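First residue of the sequence shown? That's 16 in the working numbering, and the numbers climb one at a time after it. Note that beta-carbon positions come from the ideal geometry of N, C-alpha and C, so glycine has one too. Quick caveat, the model's predicted, so the values are computed rather than measured.
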Amino acid sequence: MYPKIDKKVYERNLEDYREMAWGDARCNWCMNQWGWNVKSSKYSEICPEFRYTRNFGYSAMGKFHIIRALLEGDFDATDSEELLKICYTCTSCGACEMNCLRLNEKEPLKAAEALKAYLVEKGLAPMPAHKELLKSIKNYDNPWLQPRNKRRDWTKDLDLPDFNKEKCEYLFFAGCTPAFDPLLQHEIINTVKIFKKAGVSIGILGDKEICCGSPAIRIGDRATFFDLVKRNIETFKQAGVKKIITHCAGCHHTLKYDFPEVPDMPAIDYEVVHVTQVLEKLVADGTIKFTKKVPMTVTWHDPCHIGRHCGIYEEPRNILKAIPGLRLIEMERIKDQGWCCGAGAGVRTAFPEHSFRIAEERIEEAKATGAEAIATCCPYCEQSLSDPIKRNHEKIKLYDLTDLMLMAM
Ligand code: SF4
Ligand code: SF4
Numbered sequence: 016m017y018p019k020i021d022k023k024v025y026e027r028n029l030e031d032y033r034e035m036a037w038g039d040a041r042c043n044w045c046m047n048q049w050g051w052n053v054k055s056s057k058y059s060e061i062c063p064e065f066r067y068t069r070n071f072g073y074s075a076m077g078k079f080h081i082i083r084a085l086l087e088g089d090f091d092a093t094d095s096e097e098l099l100k101i102c103y104t105c106t107s108c109g110a111c112e113m114n115c116l117r118l119n120e121k122e123p124l125k126a127a128e129a130l131k132a133y134l135v136e137k138g139l140a141p142m143p144a145h146k147e148l149l150k151s152i153k154n155y156d157n158p159w160l161q162p163r164n165k166r167r168d169w170t171k172d173l174d175l176p177d178f179n180k181e182k183c184e185y186l187f188f189a190g191c192t193p194a195f196d197p198l199l200q201h202e203i204i205n206t207v208k209i210f211k212k213a214g215v216s217i218g219i220l221g222d223k224e225i226c227c228g229s230p231a232i233r234i235g236d237r238a239t240f241f242d243l244v245k246r247n248i249e250t251f252k253q254a255g256v257k258k259i260i261t262h263c264a265g266c267h268h269t270l271k272y273d274f275p276e277v278p279d280m281p282a283i284d285y286e287v288v289h290v291t292q293v294l295e296k297l298v299a300d301g302t303i304k305f306t307k308k309v310p311m312t313v314t315w316h317d318p319c320h321i322g323r324h325c326g327i328y329e330e331p332r333n334i335l336k337a338i339p340g341l342r343l344i345e346m347e348r349i350k351d352q353g354w355c356c357g358a359g360a361g362v363r364t365a366f367p368e369h370s371f372r373i374a375e376e377r378i379e380e381a382k383a384t385g386a387e388a389i390a391t392c393c394p395y396c397e398q399s400l401s402d403p404i405k406r407n408h409e410k411i412k413l414y415d416l417t418d419l420m421l422m423a424m
């Protein structure tokens, strides 16, 4: 058994990864699907960063080697023009960590994120485009330069309770990206409509909601993230929140798994569930009834931040299978071996063409199934996958899971 690091993830620094870095097995399982999953060589790879650079320095293994060299003083972080690119073309998809943990009990993604934090602390990172996101978070509490008082605009026709004034069972944490982007608002509007039909008691924080901190921690800015965590927890406490529902996969991963990893964290006394988990139960117990046929062949794209990072694979699939007339067919790379959409960890912001190629490959993989549509449940995945569909005039449709549910209700 490889020795576990007895520290919270965001207490760790590069030194904590010394043993893992030296023990790197050079086995390449961080870049490839397990052999028994492979159906074609075309879709056998799982590290999008290596796939589109073809340079081992850019793989999870490469980053372990960089960490080792930094720790041993073999080079200085200022020596390499490529270093920032190596660190920031990684989407934090977690495919490397999934395979390396299982085979070698190592955590290459956590080590790579500690490397970004090291570079940020030294003032060498993040990328210029990321600095704009961080400035926006500091000034507006969201990464998209949007005024705070526009955050609740998406709720205007929904008659949605304010959690601060009216006690509800669940807080619906809408997330910055779908709240401010008119092209993505349908995801959270649909979610609310479905919950209302099912009689679920939900409220929102409105303009009191702030960024969960996902963009900050994924690009290595721990100080900004820690501040957001503390402020979020304070807000939840004041409002008396006990249960949180998220739609955004990034918010879900961050609230549920990253918050507890912050040093000196205030106690967390609320639970976090993803919308797919709640909806699956409501479908299974008959509260949500599908009364209309949706005659369509659909393939499911696993968002990394609810799939690999949180283990939510079956819930959305079970919902899709319950829709009358809908036929679910699977792509070659699914669940813990799924292919990323290309958006994560600020890659779409700083390296849009790299992000585009990763998304384009996912669209090709989806088309190869013969499906008429792709379904997913994450604003970043929807944004990223819609790029190649639009640019390449693809016929395949892209839906949020809630779009398809409402068609059937
Ligand atoms: S990072 Fe892990 S999976 Fe990749 S080469 Fe090193 S030991 Fe193997
Ligand atoms: S997190 Fe994803 S993109 Fe980054 S190194 Fe691992 S497999 Fe590659």
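Residue i to residue j span [Cα, whole Å]
i: LYS382; j: THR314; result: 9 Å
i: ILE209; j: ARG363; result: 30 Å
i: ALA299; j: GLY190; result: 27 Å
i: CYS227; j: ARG163; result: 14 Å
i: GLN161; j: TRP49; result: 43 Å
i: ALA129; j: TYR25; result: 8 Å
i: TYR414; j: PHE274; result: 30 Å
i: GLN14; j: GLU380; result: With the chain covering 16 to 424 only, the question about residue 14 has no answer from this structure.
i: GLU397; j: ALA374; result: 10 Å
i: ASP177; j: THR417; result: 23 Å
i: GLY30; j: TYR133; result: Strictly speaking, residue 30 in this sequence is Glu, with Gly absent from that position. Distance between the alpha carbons of GLU30 and TYR133 is about 11 Å.
i: PRO143; j: GLN200; result: 28 Å
i: LYS257; j: TYR285; result: 4 Å
i: GLY214; j: THR269; result: 27 Å
i: LEU175; j: ILE334; result: 25 Å
i: GLN292; j: PRO331; result: 8 Å
Closest by C-alpha distance to residue i, when choosing among the options
i: ARG41; options: LYS121, LEU243, PHE371; result: LYS121
i: SER216; options: PRO230, GLU34, ALA374, GLU181; result: GLU181
i: CYS45; options: THR192, GLU34, GLU112, TRP51; result: GLU112
i: PHE251; options: LEU186, GLU397, ILE303; result: LEU186
i: LYS385; options: GLU184, ASN157, GLU409; result: First, the residue type needs correcting, since residue 385 is Gly and not Lys in the sequence shown. Residue GLU409 is the option with its Cα nearest to GLY385.
i: GLU224; options: LEU134, ARG348, THR261; result: THR261
i: CYS355; options: TYR32, ALA388, SER399, ASN333; result: SER399
i: THR192; options: ASP156, LYS296, GLN292, ASN28; result: ASP156
i: PRO63; options: VAL53, SER151, ALA423, SER74; result: SER74
i: GLU147; options: LYS304, VAL53, ALA231, PHE90; result: ALA231
i: HIS145; options: ASN114, VAL293, GLU97, ILE234; result: ILE234
i: GLY301; options: LYS212, HIS267, LYS271, ASP89; result: LYS212
i: GLU97; options: CYS263, GLY72, VAL288, ASP236; result: GLY72
i: GLU347; options: TYR328, CYS325, ARG377; result: ARG377
i: ARG167; options: SER151, LEU149, ILE204; result: ILE204
Identified DSSP bridge partners for residue i
i: LYS412; result: ALA388
i: TYR185; result: ILE217
i: LYS258; result: GLU286
i: GLU60; result: ASN47
i: ASP177; result: ILE219
Opening and closing residue of the beta strand (DSSP E) in which residue i lies
i: TRP315; result: 311-315
i: LYS208; result: First-last for LYS208: 200-213, but that is the alpha helix (DSSP H), not the beta strand (DSSP E).
i: ARG117; result: No beta strand (DSSP E) contains ARG117, which is instead part of the alpha helix (DSSP H) from 110-119.
i: LEU468; result: As displayed, the chain neither begins before 16 nor continues past 424, which places residue 468 out of reach and without an answer.
Opening and closing residue of the alpha helix (DSSP H) in which residue i lies
i: LYS298; result: One detail in the question is off: residue 298 reads as Val in this sequence, not Lys. Counting along the chain, the alpha helix (DSSP H) containing VAL298 begins and ends at 290-299.
i: ARG348; result: Premise fails: ARG348 is in no alpha helix (DSSP H) and is neither H nor E.
i: LEU149; result: 143-155
i: LYS405; result: 394-406
i: LYS382; result: 367-383
i: SER229; result: 229-233
i: TRP425; result: Here the chain has residues from 16 to 424 only, and residue 425 is not among them.
i: PHE195; result: 191-195
i: LEU319; result: The residue asked about is misnamed: residue 319 is Cys in this sequence, not Leu. Here CYS319 belongs to no alpha helix (DSSP H), and DSSP marks it neither H nor E.
i: VAL135; result: 123-136
i: TRP159; result: Counting along the chain, TRP159 falls outside any alpha helix (DSSP H), and DSSP gives it neither H nor E.
i: ILE303; result: First-last for ILE303: undefined, no H or E at that position.
i: PRO331; result: 329-337
i: MET35; result: 33-37
Within-8 Å CB hit, residue i to chain D
i: TYR414; result: Annotation note: the requested chain D is absent from the structure, which comprises a single protein chain.
- Cβ contact (3+ pairs, closer than 8 Å) linking the segment 300-314 and the segment 336-345: yes
- Message: Pairs of beta-carbons, one from the segment 388-403 and one from the segment 129-139, closer than 8 Å: are there three or more?
- Response: no
- Query: Do three or more CB pairs link the segment 19-39 to the segment 79-89 at distances below 8 Å?
  - Reply: yes
- Item | the segment 230-249 touching the segment 276-283, judged by at least three CB pairs closer than 8 Å | yes
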